[in-house]
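There are 2 protein chains.
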Amino acid sequence: MRLDVYLTPGELTPATLTGRTVVVLDVLRASTSIVEALSAGAKSIFPVASIEEALRLANNFGRDEVLLAGERRCLPIEGFDLGNSPTEYTRERVAGKILVMTTTNGTAAMSLTTSAARVFIGSMLNLRAVVAELVRTDSDPVLLCAGRETHFSLEDAACAGEFASRIMAERPGDWALNDGAHAALTLARSFGTGVDLFEIAAGGRSIVEAGLADDLEFCARTDVHDIVPVLQERNIKLLQPLIGTTS
Amino acid sequence: MRLDVYLTPGELTPATLTGRTVVVLDVLRASTSIVEALSAGAKSIFPVASIEEALRLANNFGRDEVLLAGERRCLPIEGFDLGNSPTEYTRERVAGKILVMTTTNGTAAMSLTTSAARVFIGSMLNLRAVVAELVRTDSDPVLLCAGRETHFSLEDAACAGEFASRIMAERPGDWALNDGAHAALTLARSFGTGVDLFEIAAGGRSIVEAGLADDLEFCARTDVHDIVPVLQERNIKLLQPLIGTTS
Numbered sequence: 001m002r003l004d005v006y007l008t009p010g011e012l013t014p015a016t017l018t019g020r021t022v023v024v025l026d027v028l029r030a031s032t033s034i035v036e037a038l039s040a041g042a043k044s045i046f047p048v049a050s051i052e053e054a055l056r057l058a059n060n061f062g063r064d065e066v067l068l069a070g071e072r073r074c075l076p077i078e079g080f081d082l083g084n085s086p087t088e089y090t091r092e093r094v095a096g097k098i099l100v101m102t103t104t105n106g107t108a109a110m111s112l113t114t115s116a117a118r119v120f121i122g123s124m125l126n127l128r129a130v131v132a133e134l135v136r137t138d139s140d141p142v143l144l145c146a147g148r149e150t151h152f153s154l155e156d157a158a159c160a161g162e163f164a165s166r167i168m169a170e171r172p173g174d175w176a177l178n179d180g181a182h183a184a185l186t187l188a189r190s191f192g193t194g195v196d197l198f199e200i201a202a203g204g205r206s207i208v209e210a211g212l213a214d215d216l217e218f219c220a221r222t223d224v225h226d227i228v229p230v231l232q233e234r235n236i237k238l239l240q241p242l243i244g245t246t247s
Numbered sequence: 248m249r250l251d252v253y254l255t256p257g258e259l260t261p262a263t264l265t266g267r268t269v270v271v272l273d274v275l276r277a278s279t280s281i282v283e284a285l286s287a288g289a290k291s292i293f294p295v296a297s298i299e300e301a302l303r304l305a306n307n308f309g310r311d312e313v314l315l316a317g318e319r320r321c322l323p324i325e326g327f328d329l330g331n332s333p334t335e336y337t338r339e340r341v342a343g344k345i346l347v348m349t350t351t352n353g354t355a356a357m358s359l360t361t362s363a364a365r366v367f368i369g370s371m372l373n374l375r376a377v378v379a380e381l382v383r384t385d386s387d388p389v390l391l392c393a394g395r396e397t398h399f400s401l402e403d404a405a406c407a408g409e410f411a412s413r414i415m416a417e418r419p420g421d422w423a424l425n426d427g428a429h430a431a432l433t434l435a436r437s438f439g440t441g442v443d444l445f446e447i448a449a450g451g452r453s454i455v456e457a458g459l460a461d462d463l464e465f466c467a468r469t470d471v472h473d474i475v476p477v478l479q480e481r482n483i484k485l486l487q488p489l490i491g492t493t494s
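Here the protein sequences come in this chain order: A and B. Mapping the first sequence onto the numbering used here, position 89 (from 1) lands on 89, and the numbers just tick up by one. In the numbering used here, each number is its position in the second sequence, counted from 1, plus 247.
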């Protein structure tokens, strides 16, 4: 059994993810917003790397058929329907809708996973459900931290450590860990995965400086949605409803 | 006062190091070998990225004028004079000599520092001397971990944390830390910087598997050489003898 954590997308080589089950983590905030949107009934989400690509895809669908979502420098993009605050992704706004989303880090990391066998989107909100799916399928998972532009982000690393800790607790045995997994486990133990962690991390401080401090508390909520978003053919959908199947 | 740790060279953008004082850390083993070689009287060391470049440079000098040094997959390179075990860099072998060195990670990281104001080579062996020089010159240092190919390496991160901890202790004040520095400090506290750490890390395990387990103990020795190797114009020399000037 093998568990690898990559602390930044820059660690990946073309072969790193081949055939693996990958969980992409961008807890502040793209992963959290995606989980919240799907929980609130969004039909699917197309993560794209650039604003231009988002507009092009929206035009292909018909501009009125989709919601444009995302951020640059933490703030909503002009002409877009939604920013990247998970609090905006309410049932009233997103139920039944297709979203096209572009964010600085999360959607970029997702675009690097094309060689993986399966790709899930993980956040603290759906930690339990993702771990249950990994354990159910005997996966040797890769936890991929989106990081912050090219840089390491403390909050993704510590949250990856919490995922790793839960996976190892649910499926005890002889786990081979890469150096990133050893580090992430230690960072989770040391910093926790709550608002205190987010306020130390540069990504969290930027969000506070942008006037969006409430987002931190929202993103720290743990095990509140028993759903597993899966990225397939450049589109994120619910894998299956797991409500009632997890302990 | 600002202290940044970059956990992999992949975190760097062209602007990251501009004008900064950088310490390159590849404790297993390139940094350690360089410190050991200069302590043993080597005149200077040219770190180069490839075997071809090493051979070309050696021919320019005249093959008999230099020692070729380095490793691939932990092991000595055919036709080279020295491997990358710091134990090989004895006074008998290297005193008065120019070395041309190529290693998998350390020399590659060094090649990325051209925009920095000053570049030092750090290892556990010369931690005290490097920290003293950073403190003496009121530097806002960058600690650059060489990592392992593109991957994060636990031993460089923990040793960077020990450097950070010592810098902050010697120059108390209000330090702004990036996320990598927060992580490194925690990893140093949790894993230490000794043989136990090296035996957990993938890089250390590879060295043991290559039959070079003694190198781990050698690389863990702390504050045994009061020298600061400086990289300037693609050449590493002693900055100055600091013996007797540090506490």
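Think of the CB as a built atom: it goes at the ideal place given N, C-alpha and C, for glycine as much as any other residue.
Among the options, nearest to residue i - alpha-carbon criterion
i	options	result
B/I414	B/R395, B/A449, B/E299 and B/R375	B/R375
A/N60	A/A117, A/F152, A/I98 and A/G41	A/I98
B/F399	A/E11, A/S50, A/D4 and A/L3	A/E11
A/E88	A/R63, A/N235, A/M1 and A/D214	A/D214
A/T107	A/T16, A/T18, A/L28 and A/V224	A/L28
A/T295	A/V224, A/G19 and A/A58	Residue 295 of chain A falls outside the range modelled here, since chain A spans only 1 to 247, and no answer is possible.
B/L272	B/L315, B/A405 and B/A423	B/A405
B/D251	B/L285, B/G408 and B/P323	B/G408
B/T351	B/E396, B/T384 and B/D328	B/E396
A/G173	A/S165, A/D179 and A/S111	A/S165
A/F120	A/L17, A/A220, A/L55 and A/F80	A/L17
A/H182	A/S115, A/L67, A/G19 and A/F163	A/F163
A/A220	A/E233, A/F191 and A/L231	A/F191
B/A393	B/G330, B/S453 and B/S358	B/S358
A/L7	A/L187, A/I236, A/V195 and A/D226	A/L187
B/I454	B/R383, B/S332 and B/R481	B/S332
B/G427	A/S44, A/G62 and A/I200	A/I200
B/D473	B/V377, B/D311, B/G266 and B/A262	B/V377
Cross-chain neighbours of residue i in chain B, by beta carbon under 7 Å
i	result
A/E11	T255, G257, T397, H398 and F399
A/G180	F399
A/A157	A430
Extent of the continuous beta strand (DSSP E) run through residue i
i	result
A/F120	R118 to G122
B/V378	Segment L374 to R383 is the alpha helix (DSSP H) holding B/V378; no beta strand (DSSP E) there.
B/L401	Segment L401 to E417 is the alpha helix (DSSP H) holding B/L401; no beta strand (DSSP E) there.
A/S44	S44 to P47
Cβ separation of residue i and residue j, assumed to be a contact under 8 Å, to the nearest whole Å
i	j	result
B/L463	B/P476	Incorrect: roughly 21 Å between the Cβ atoms, too far for contact.
B/T337	B/A287	6 Å
B/C321	B/A449	So it is not a contact: roughly 11 Å between Cβ atoms.
A/S31	A/S123	4 Å
A/L125	A/T21	Not confirmed; about 20 Å, so no contact.
A/L231	A/T113	7 Å
A/V35	A/V100	In fact, because the Cβ distance is near 17 Å, the residues do not count as touching under 8 Å.
A/P9	A/L154	Not a contact, Cβ separation roughly 16 Å.
B/D328	B/A316	6 Å
Residue i - containing alpha helix (DSSP H), residue span
i	result
A/G106	G106 to M110
A/V35	A30 to S39
A/L57	I51 to F61
A/A82	The sequence shown places Leu at residue 82 of chain A, not Ala. Taken as a continuous stretch (DSSP letters only), A/L82 belongs to no alpha helix (DSSP H), as it is neither H nor E.
B/A449	A449 to E456
B/V341	R338 to V341
Chain-ordered neighbours of residue i on chain A, where CB pairs are closer than 8 Å
i	result
B/A449	N178 and D179
Identity of the residues DSSP links to residue i by a beta bridge
i	result
B/T349	B/G317
B/C466	DSSP lists no partner for B/C466.
A/V24	A/I121 and A/L144
A/L177	A/L3
A/L231	A/I236
B/P261	Note: B/P261 sits in no beta bridge, so no partner.
A/R75	Residue identity check: residue 75 of chain A is Leu in the sequence provided, not Arg. DSSP, once it has assigned bridges, lists A/R72 as partnering A/L75.
Neighbouring residues, chain B, relative to residue i (Cβ below 8 Å)
i	result
A/T186	T433, L434, S437 and F438
Any non-hydrogen atom of the ligand SAH within 8 Å of residue i CB
i	result
B/C406	This structure simply doesn't include the ligand SAH, nor any ligand for that matter.
Chain E contact for residue i (CB, 9 Å cutoff)
i	result
A/R91	The structure shown contains no chain E; its protein chains are A and B.
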